[in-house]
Amino acid sequence: YIGCSDKCYIRTECPQNPAKGTARDAAAKLVHHISGMGQGELDKRRQMAEATIKEMGISFTVYTEEGNIDRAWPFDIIPRTIPSDEWKCAEEGLKQRLRALNMFIDDLYHEQKVIRDGIIPEHVIKGSRNFLPECVGISPVHGVWAHICGTDIVRDGEGRFFVLEDNLRVPSGVSYMLENRAITKRILPEMFEKENILPLDDYCDQLFDMLVSLSPRDLEEPEIVVLTPGIFNSAYFEHAFLAQQMGAELVEGSDLFVEDDCVYMKTIKGPERVDVIYRRIDDAFIDPEVFREDSTLGVPGLMRVWKKGNVALANAPGAGVADDKVIYAYVPAIIEYYLGEKAILSNVETFLCEDPQQQEYVLNNLDKLVVKPANESGGYGMLVGPHSTKKEQEKFAELIKANPRNYIAQPTLNLSTAPTLIGPEKLEPRHLDLRPFILQGKESYVTTGGLTRVAMNKGSLVVNSSQGGGSKDTWIVDMENE
425 YIGCSDKCYI
435 RTECPQNPAK
445 GTARDAAAKL
455 VHHISGMGQG
465 ELDKRRQMAE
475 ATIKEMGISF
485 TVYTEEGNID
495 RAWPFDIIPR
505 TIPSDEWKCA
515 EEGLKQRLRA
525 LNMFIDDLYH
535 EQKVIRDGII
545 PEHVIKGSRN
555 FLPECVGISP
565 VHGVWAHICG
575 TDIVRDGEGR
585 FFVLEDNLRV
595 PSGVSYMLEN
605 RAITKRILPE
615 MFEKENILPL
625 DDYCDQLFDM
635 LVSLSPRDLE
645 EPEIVVLTPG
655 IFNSAYFEHA
665 FLAQQMGAEL
675 VEGSDLFVED
685 DCVYMKTIKG
695 PERVDVIYRR
705 IDDAFIDPEV
715 FREDSTLGVP
725 GLMRVWKKGN
735 VALANAPGAG
745 VADDKVIYAY
755 VPAIIEYYLG
765 EKAILSNVET
775 FLCEDPQQQE
785 YVLNNLDKLV
795 VKPANESGGY
805 GMLVGPHSTK
815 KEQEKFAELI
825 KANPRNYIAQ
835 PTLNLSTAPT
845 LIGPEKLEPR
855 HLDLRPFILQ
865 GKESYVTTGG
875 LTRVAMNKGS
885 LVVNSSQGGG
895 SKDTWIVDME
905 NE
């Protein structure tokens with residue numbers, strides 16, 4: 425475990441010699457168990473995991489110039505451990521953050537007090553491509569716009585949690601979090617007897633209950649559907665998985681139609697009215713009558729029905745305005761403005777390139793910073809300064825000067841690392857982050873842990889699966905009841 429810095433794995437007793445460190449309490453049993461494995465046992469477990477992934481059909485799609493490529497889910501068998509007392513604090517911080525962001529979104533589409541009171545400049549909102557004028561004046565159930573959020577959090581070298589970004593449009597990855605646990609139970613079943621690992625398998629039940637709470641009709645069993653772009657979408661596996669787990673119908677836009685200001689689903693028994701749509705389609709494609717006329721993925725008239733309150737959409741159109749990485753810089757102020765509280769979870773220090781002084785600093789330090797476009801996701805379109813070339817830095821300097829509103833920059837964090845199986849028996853440290861999932865409807869819920877994503881390439885800070893990253897199971901270990 426030499427060099428591993430994740431706070432939950434290694435307690436370094438000698439900074440000059442990390443190998444002399446001892447496993448932290450939450451990881452002690454796991455480390456002891458792995459250390460006691462015989463020759464070849466780790467590789468045997470790795471092969472079991474690969475066979476299980478193939479058997480279960482767990483895959484994801486990578487978009488390339490040559491076409492779409494389906495790949496087996498990249499999984500590391502060494503779990504990440506976090507003690508439950510630390511997780512409780514993170515959980516409260518995540519709930520606080522989403523609550524404030526939903527109040528912020530609702531305010532933007534109504535009175536815009538946050539702008540009038542000078543918390544956020546008006547041009548920042550006007551410059552956001554995710555602010556939808558078509559949503560002004562609409563009031564979703566419970567005042568909630570972002571019902572499902574995937575917030576990326578990281579630890580620094582000292583073990584402190586920081587929020588890296590919020591994903592409020594169509595966040596993905598939760599199915600892989602659940603499948604990671606299912607795989608780990610198969611390959612390390614003995615650890616679930618020895619260790620007090622908190623369960624996370626109630627997510628789909630919680631998601632279903634949250635969606636039920638949005639129904640415009642007071643029914644015991646409202647009609648809930650998962651709207652997918654189709655089999656060629658990179659997250660189609662997840663769409664099908666969640667629909668199956670919730671007992672909901674998986675539909676495409678062509679399976680739905682609007683009539684008499686209601687949404688109906690085509691079935692062999694005839695049309696059935698739909699109450700809640702968990703949509704996995706971007707705003708621009710959900711209704712060709714309002715947004716992109718050439719979209720064949722959405723449902724003509726859907727926005728009209730939603731405005732009338734006859735169907736619920738999760739996440740609501742327009743929620744992505746709070747997904748903007750420029751807005752991210754203002755979230756601590758947003759929390760204090762709406763809730764009168766200090767942020768429990770801190771942001772990473774962020775430089776706004778539209779500010780002349782901050783832009784000058786960024787341009788002079790491109791080799792040290794991570795530069796991100798405001799509205800991209802999946803690790804695309806960013807510059808990791810320490811790993812970039814002079815030519816790439818020059819390119820980004822021109823991009824920033826041409827459109828400063830579209831870029832932010834952050835210090836290159838000393839992200840924590842955790843033991844990762846590299847080859848048959850070799851463990852090496854790899855950088856990682858964590859994506860918990862937060863639900864908000866009538867009530868709030870946070871997953872017990874989340875999707876730990878790992879940069880499988882040595883020294884890399886990019887954890888996205890589309891960029892060569894992998895993942896681990898995340899154990900929240902109840903130390904109080906050990």
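Numbering-wise, the sequence shown is residues 425 to 906 according to this note's numbering. C-beta atoms are modelled at their ideal positions from N, C-alpha and C, and glycine is treated no differently. Note that the coordinates shown come from a computational prediction; the quantities given were computed from them, not determined experimentally.
Item to check | Exposure of G654, with buried meaning 16 or more beta-carbon neighbours within 10 Å | outcome: exposed
Checklist entry - Quick one: any contact between the stretch 612-627 and the stretch 520-534, if contact means 3 or more CB pairs under 8 Å? => result no
Checklist entry - Can you name, in chain order, every residue of its own chain whose Cβ lies under 7 Å from the Cβ of E696, other than the five neighbours on each side? => result E647, Y688 and M689
Checklist entry - Taking the continuous alpha helix (DSSP H) assigned at Y869, which residues delimit it? => result No alpha helix (DSSP H) contains Y869, which is instead part of the beta strand (DSSP E) from S868 to V870.
Checklist entry - By how many angstroms is the C-alpha of L622 removed from the C-alpha of E604? => result Contrary to the premise, residue 604 reads as Asn rather than Glu in this sequence. Cα-Cα distance, rounded: 14 Å.
Next on the checklist: I'd like the ranges of any alpha helix (DSSP H) spanning at least 4 consecutive residues and lying wholly in the stretch 505-554.
Outcome noted: 508-532, 537-540 and 546-550
Next on the checklist: Based on DSSP bridge pairs, tell me the residues matched to E908.
Outcome noted: Residue coverage of the chain in this structure runs from 425 to 906, which leaves residue 908 outside it and unanswerable.
Item to check | Where Q783 falls, given that 16 or more other Cβ within 10 Å makes a residue buried | outcome: buried
Next on the checklist: Rounded to whole angstroms, what is the Cα-Cα separation between V698 and N739?
Outcome noted: 16 Å
Checklist entry - By DSSP, does W497 sit in helix, in strand, or in coil? => result coil
Checklist entry - From which residue to which residue does the beta strand (DSSP E) around D679 run? => result Unbroken run through D679: none, as it is neither H nor E.
Checklist entry - By DSSP, does M480 sit in helix, in strand, or in coil? => result helix
Checklist entry - Is DSSP giving P442 helix, strand or coil here? => result Confidence in P442 is poor, its pLDDT being 48 and thus under 50, which makes the residue's placement unreliable; the coordinate value appears in the next sentence. Three-state DSSP puts P442 in a helix.
Item to check | Stretch pair the stretch 603-619 + the stretch 774-782: three plus CB contacts closer than 8 Å | outcome: no
Checklist entry - Out of curiosity, what's the CA-to-CA distance linking T841 and D706? => result 33 Å
Checklist entry - Any idea which residues DSSP pairs Q864 with across the strands? => result S868
Checklist entry - If L588 sits next to V578, beta carbons under 8 Å apart, how far is it from one beta carbon to the other, in whole angstroms? => result 5 Å
Checklist entry - In or out: E582 buried (at least 16 other Cβ within 10 Å) or exposed? => result exposed
Checklist entry - Does DSSP put G671 in a helix, a strand or coil? => result coil
Checklist entry - Leaving out the 5 sequence neighbours to the left and right, which residues in its chain are closer than 8 Å to F661 when beta-carbon positions are compared? => result G481, I482, S483, F484 and S599
Item to check | Status (buried if at least 16 other CB within 10 Å, exposed otherwise) for Y425 | outcome: Per-residue confidence for Y425 stands at a pLDDT of 42, beneath the threshold of 50, marking its modelled position as unreliable; the derived number appears in the next sentence. Its Cβ being crowded by 16 or more others within 10 Å, Y425 is buried.
Checklist entry - Are the stretch 745-752 and the stretch 524-540 touching by the rule of at least three beta carbon pairs closer than 8 Å? => result yes
Next on the checklist: Going by beta-carbon coordinates alone, are V700 and L631 separated by less than 9 Å?
Outcome noted: no
Checklist entry - C559 by DSSP, collapsed to three states: which one? => result helix
Checklist entry - Is the stretch 892-900 close to the stretch 500-513, with three or more CB pairs under 8 Å? => result yes
Checklist entry - For the putative contact between L674 and T691, defined by C-beta atoms under 8 Å, what is the C-beta separation to the nearest angstrom? => result Actually they are not in contact, since the Cβ atoms of L674 and T691 sit about 13 Å apart, beyond 8 Å.
Next on the checklist: Quick check on DSSP: helix, strand or coil for S459?
Outcome noted: helix
Next on the checklist: Quick check on Q471: buried or exposed, where buried means 16 or more other Cβ atoms within 10 Å of its Cβ?
Outcome noted: exposed
Checklist entry - Which class does I824 belong to by DSSP, given the choice of helix, strand or coil? => result helix
Checklist entry - Among all the DSSP beta bridges, which residues are the ones paired with T841? => result H855
Item to check | Boundaries of the alpha helix (DSSP H) in which K618 is found, first to last residue | outcome: M615 to K618
Checklist entry - What are the start and end residues of the alpha helix (DSSP H) that includes C686? => result It is not in any alpha helix (DSSP H) - C686 instead sits in the beta strand (DSSP E) that spans C686 to M689.
Next on the checklist: So the candidates are E676, M727 and L885; which of them puts its Cα closest to the Cα of R704?
Outcome noted: E676
Next on the checklist: DSSP has A833 in a bridge; who is on the other side?
Outcome noted: F775 and V795
Checklist entry - What do you get for C513, buried or exposed, if any count of 16 or more other CB atoms within 10 angstroms of its CB means buried? => result exposed
Checklist entry - With distances taken between CB atoms, is the gap from G847 to P860 smaller than 9 Å? => result no
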